[in-house]
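Quick mapping for you: the protein sequence lines, in order, are chains A and B. Mind the numbering: the first sequence is residues 544 to 710 in the numbering used here, read in order. Mind the numbering: the second sequence is residues 544 to 710 in the numbering used here, read in order. Quick reminder that beta carbons are idealized off the backbone N, C-alpha and C, glycines included.
2 protein chains.
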Amino acid sequence: MSETTEAIMDAAEERIRQAGYSGFSFREVAADIGVKSSSVHYHFPTKEKLAAAVARRYTDRFLKGVDQRVAEGRDIVTAFRQVFGDALDRDGRMCLCGAMGATSADLAEEVRAEVRRFFQLGLERLAKAGLAKDAAVQVIATLEGAMLAANVLDDRSLFESGTAGLV
Amino acid sequence: MSETTEAIMDAAEERIRQAGYSGFSFREVAADIGVKSSSVHYHFPTKEKLAAAVARRYTDRFLKGVDQRVAEGRDIVTAFRQVFGDALDRDGRMCLCGAMGATSADLAEEVRAEVRRFFQLGLERLAKAGLAKDAAVQVIATLEGAMLAANVLDDRSLFESGTAGLV
DNA sequence: TGTTGTCTATCTATCGATAGATAGATGCAT
DNA sequence: ATGCATCTATCTATCGATAGATAGACAACA
């Protein structure tokens, strides 16, 4: 993947996490990295393709982080909590798939499928680690919701306090 | 409040819950109720004012539902869970303030304030009923997140299973 | 007659997307 | 080694559609 392609995806991820799928544009992403919007189209023919690629990369990176922490000996719930917490700290924003999933019904089909994949694989990881279905759903739900609350009220500590009961 | 004003708010609420703040438009709302977009502007001068009014009505209605259930003898967490569940069932969509809050950083200031109010008053109600701060945040977070997961995966039962652990 | 509400018509700005040109790198055949 | 062709990556310019917003005419009604 070329340098520009990666820069486009980075900028797009940040924009989407801030404003959602319908709230980001080729022009903004292009301006962020100092090219023209037509150049973004060269790398990603449509908005749908760009958002889908960003979502897939996000999910893969997310799961990799979880697996890594589990390999280091942490229990699965703590691993999830840390990776969500990192995303909140490092980027200071919503979960990408939470931001897009909130308008799931309005997403282009390919994007919607990637967002679904994020939740499905997350639940799968938790189930394979031995959690019952209810517990797995509760973990994902609480983490996503706590991230949302922390963003809305602009108070990072809400993520900690909202998810403390999980572990 | 006039009949048209109410119809506008109803249509806007539905649109926003489906597509978020930046995903709904005056033209769509107008078409939904069979008027022109300029007529919507007559009742709500700006998009910001319209969304803020819809959010305030939503929050007030939401809290009224909670209070009512508490008055009927239900415990506060069950009351919250039922009201969230009703919103999911009756409207089949995200929580309005969840849908907008996901892009909180991108909202017009007045709208952002109303979304904040929803979370603040929700936490306040839970705290007044005796819940510790951590517990209150966890309840709101889990309910919002479970609604999100149910929407993304298009499976209403995920809301039940994700929030069963709260009560 | 004045108020209320809706209309038509229009404005400016931006959207996603496309066409066509260009400059530079790469590859290959003579 | 030279010269032609292709590929890559960007540009400028533009498309039709749509966004939010506004002005002014018109109708209903008190």
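Give me the Cα-Cα distance between threonine 602 of chain A and alanine 594 of chain B, rounded to the nearest whole angstrom.
-> 31 Å
With 16 other Cβ atoms within 10 Å as the buried cut-off, status of alanine 675 of chain A | exposed
For glutamate 653 of chain B, which residues from the same chain have a beta carbon less than 6 Å from its beta carbon, with the 5 sequence-adjacent residues on both sides left out?
-> Glu591, Ala595
Is leucine 664 of chain A near phenylalanine 623 of chain A, with beta carbons less than 9 Å apart?
-> no
Ordered list of alpha helix (DSSP H) runs contained in the region 583-664 of chain A, each at least 4 residues = 590-614, 619-634, 639-644
Could you tell me which of B:Ser580, B:Ala648, B:Val613 sits nearest to aspartate 698 of chain A, measuring between CA atoms?
-> B:Ala648
Which bits of chain A does serine 704 of chain B rub up against, with CB to CB less than 7 Å?
-> Lys676, Asp677, Val680
Rounded distance between the beta-carbons of serine 704 of chain B and aspartate 610 of chain A, thought under 8 Å | Actually they do not touch by this definition, with Cβ atoms about 25 Å apart.
Who are the Cβ neighbours of alanine 555 of chain A in its own chain at under 6 Å, not counting the five residues just before and after it?
-> Val572, Leu593, Val597
Among A:Ala707, A:Val695, A:Glu657, nearest to leucine 686 of chain A - alpha-carbon criterion | A:Ala707
Within its chain, find whatever has a CB closer than 6 Å to the CB of threonine 621 of chain A; leave out the 5 residues flanking it on each side and keep chain order.
-> Val710
Is leucine 544 of chain B buried or exposed, if buried means 16 or more other CB atoms sit within 10 Å of its CB?
-> Per the sequence presented here, residue 544 of chain B reads as methionine, with leucine not at that position. Counting Cβ neighbours within 10 Å, methionine 544 of chain B comes out exposed, since fewer than 16 surround it.
Which residues in chain B sit within 8 Å of alanine 562 of chain A, going by Cβ to Cβ distance?
-> Ser565, Thr646, Ala648, Asp649
Since valine 710 of chain B is in the alpha helix (DSSP H), which residue starts that stretch and which ends it?
-> Note, valine 710 of chain B: premise wrong, no alpha helix (DSSP H); not H, not E.
Would you decide whether arginine 646 of chain B is buried or exposed? Buried here means 16 or more other CB atoms lie within 10 Å of its CB.
-> First, the residue type needs correcting, since residue 646 of chain B is threonine and not arginine in the sequence shown. Threonine 646 of chain B is buried by the Cβ-count criterion.
Outcome for glycine 616 of chain A when other beta-carbon atoms lying within 10 angstroms are tallied against a minimum of 16 = exposed
Interface partners of isoleucine 683 of chain B on chain A, CB under 8 Å | Gly688, Ala692, Gly705
Note down the Cα distance separating glycine 563 of chain A from alanine 630 of chain A, rounded to an integer number of angstroms.
-> 16 Å
Cα-Cα separation between glutamate 557 of chain A and alanine 614 of chain B, rounded to whole angstroms | 44 Å
Spatial neighbours of phenylalanine 587 of chain A in its chain, beta-carbon cut-off 6 Å, leaving aside the 5 residues before and after = Leu593
So, methionine 637 of chain A versus methionine 552 of chain A, is the Cβ gap smaller than 9 Å?
-> no
Would you verify that the beta carbon of valine 695 of chain B is, or is not, closer than 9 Å to some beta carbon of chain A?
-> yes
Could you work out which residue in B:Arg570, B:Arg560, B:Val578 is closest to threonine 547 of chain B when comparing CA atoms only?
-> B:Val578
By the criterion of Cβ-Cβ separation under 8 Å, what are the contact partners of alanine 642 of chain A in chain B?
-> Ala645, Thr646
What is the DSSP secondary structure of valine 578 of chain B, reduced to helix, strand or coil?
-> coil
List the endpoints of the continuous alpha helix (DSSP H) containing methionine 544 of chain A.
-> No alpha helix (DSSP H) holds methionine 544 of chain A; DSSP gives it neither H nor E.
Would you report the Cα separation of aspartate 618 of chain A and glutamine 625 of chain A, rounded to the nearest angstrom?
-> 11 Å
Report yes if the C-beta distance between phenylalanine 567 of chain B and glycine 628 of chain B is below 9 Å; otherwise report no.
-> no
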